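Everything below concerns the one structure shown next.
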Amino acid sequence: MLIDKEMDLVLSIADHYFFTPYVYPATWPEDDALRQILGLLAVTNLGAAALYLVLGYLSYYFIFDHTLMKHPQFLENQVRREICYAMQSLPWISLPTVALFFAEIRGYSKLYDSVDDSPYGWLGVILSMVSFLFFTDMSIYWIHRLLHHKLIYKYFHKPHHTWKISSPFASHAFHPVDGFLQGLPYHIYPFLFPLHKVAYLGLYVFVNVWTVSIHDGDYRVPRFLQATINCSAHHTDHHLFFDYNYGQYFTLWDRIGGSYRLPSAFQGKGPLEQIRKLQEEGQHTSGGAESCTAHKND
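Heads up: the sequence shown runs through residues 1 to 298, numbered per the UniProt record's numbering.
Structure below.
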């Protein structure tokens, strides 16, 4: 396959405004493979960390119900531990991810630059975005369920289940193998199906927003969406009860796979109700402090 001389959108911007004028010598061409790999490593790591921290902090301060920190299963110094674990994992997750990004910008994917290159114009762009969501939702469901297999779980997925009652910062607090595998469908899609580069970038940001949202402890969702959309209430029950609600965006595959559970929060039996009950009974529900490096796989 011929190498695509069009630079990936984000890397092209980074080259134009930063790498070319301030970092690399003028004699090093922007389409050199080694330079592209180094640039992708920098952009991917900085971008992933920035998305995680910015979205996490916004959700933590404006959406997350801090009452949840009084739940008996909210760990000591948990928010700091979530952030530390995520920040330690993200650089390792970026290594295989950069390999896929590199293949994309070298022209081996079906990404395209212009709506004119879409098989069906704007309709094709919209349909590809919808199919991206359904394809990744299906793929993540089965990958996530596989990660719960007894032969695999303790090695890769168990660290994420340390956070029984999660904060938004638990969203990216994965073992690196776990984090990469659950992100793999996002990167595989454009190798299988045509997708506009700007749409791909927007979907990547959306995926990160959604991942934070299902860990944000906001169990409110319009009643007409409760049966179809996988929200924080569903995912909280996944953390609490383990074998249910593996889905990412929708409840479709949980229903097909027999793993759907009506969220406790929708039944008036969720974590907030448990906290209120404990407070009414006069039980102590708050925790203390713990260092960043302390991490147990409960």
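Cβ coordinates follow ideal geometry from the N, Cα and C atoms, glycine included. A quick note: this is a predicted structure, and the numbers were derived from the prediction, not measured.
{"query": "I need the straight-line Cα distance from T97 to Q279, nearest angstrom please.", "result": "46 angstroms"}
{"query": "To the nearest angstrom, report how far apart Y186 and E281 are at their CA atoms.", "result": "46 angstroms"}
{"query": "So, are the CB atoms of S94 and T136 less than 9 angstroms apart?", "result": "no"}
{"query": "Quick one: residues in its chain with C-beta nearer than 8 angstroms to the C-beta of A294, no 5 flanking neighbours on either side, listed in chain order?", "result": "A caution first: A294 carries a pLDDT of 39, below 50, which makes its placement in the model too unreliable to give a value."}
{"query": "Report the rounded CA-to-CA distance for S213 versus G121, giving the unit in angstroms.", "result": "32 angstroms"}
{"query": "Using beta-carbon positions only, say whether H157 and F134 come within less than 9 angstroms of one another.", "result": "no"}
{"query": "Mind reading off the beta-carbon distance from G183 to S89? Whole number of angstroms is fine, and I expect it under 8 angstroms.", "result": "Not really, about 11 angstroms apart at Cβ, beyond 8 angstroms."}
{"query": "In three-state terms, what does DSSP make of H161?", "result": "helix"}
{"query": "At 4 residues or longer, what runs of the alpha helix (DSSP H) sit wholly inside the UniProt domain \"Fatty acid hydroxylase\" (130-258)?", "result": "153-156, 176-192, 197-213, 232-241 and 252-257"}
{"query": "How far does the alpha helix (DSSP H) with K269 in it reach, from first residue to last?", "result": "No alpha helix (DSSP H) holds K269; DSSP gives it neither H nor E."}
{"query": "According to DSSP, is Y112 helix, strand or coil?", "result": "strand"}
{"query": "Expressed to the nearest angstrom, what Euclidean distance is found between the alpha-carbon atoms of H160 and F102?", "result": "28 angstroms"}
{"query": "From R106 to I37, what does the alpha carbon distance come to, in whole angstroms?", "result": "11 angstroms"}
{"query": "Using 8 angstroms as the threshold, is the stretch 189-197 in touch with the stretch 163-172, meaning 3 or more CB pairs across them?", "result": "no"}
{"query": "With a cut-off of 8 angstroms on the beta carbons, I'd call S232 and G56 a contact; round off their distance for me.", "result": "No, S232 and G56 are not in contact; Cβ-Cβ is about 14 angstroms, not under 8 angstroms."}
{"query": "For R261, which of helix, strand or coil comes out of DSSP?", "result": "coil"}
{"query": "Taking A274 as the reference, which of P72, L181, R145 and Y60 has the closest Cα?", "result": "Here the sequence assigns Gln to residue 274, which means Ala is not the residue at that position. Selected option, being the one with the closest Cα: P72."}
{"query": "How far does the alpha helix (DSSP H) with V81 in it reach, from first residue to last?", "result": "Sequence inspection shows Arg at residue 81; the Val mentioned does not correspond to that position. Q78 to A103 is the span of the alpha helix (DSSP H), which, as asked, contains R81."}
{"query": "Which whole-angstrom value is the C-beta distance of N245 and S259, which I expect to be below 8 angstroms?", "result": "7 angstroms"}
{"query": "Helix, strand or coil for Y57? Go by DSSP, reduced to three states.", "result": "helix"}
{"query": "In chain order, what residues of the same chain lie with their CB nearer than 8 angstroms to the CB of S139, ignoring the 5 residues before and after it?", "result": "L184, P185 and I188"}
{"query": "Please name the residue, chosen from A86, H144, V207 and C84, that lies closest to M129 on a Cα-to-Cα basis.", "result": "V207"}
{"query": "What residue range is occupied by the uninterrupted alpha helix (DSSP H) comprising S118?", "result": "Where S118 is concerned, there is no enclosing alpha helix (DSSP H), given that its DSSP letter is neither H nor E."}
{"query": "Would you decide whether A14 is buried or exposed? Buried here means 16 or more other CB atoms lie within 10 Å of its CB.", "result": "buried"}
{"query": "Alpha carbon to alpha carbon, how far is Y204 from R239? Give it in angstroms, no decimals.", "result": "Inspection of the sequence shows that residue 239 is occupied by His rather than by Arg. Those two C-alpha atoms are separated by around 24 angstroms."}
{"query": "Give the DSSP-derived three-state secondary structure of F74 in the structure shown.", "result": "coil"}
{"query": "Pull up the CB-CB distance for Q248 and Y141, whole angstroms please, since I reckon it's below 8 angstroms.", "result": "7 angstroms"}
{"query": "Tell me where the alpha helix (DSSP H) around L11 begins and ends.", "result": "L9 to A14"}
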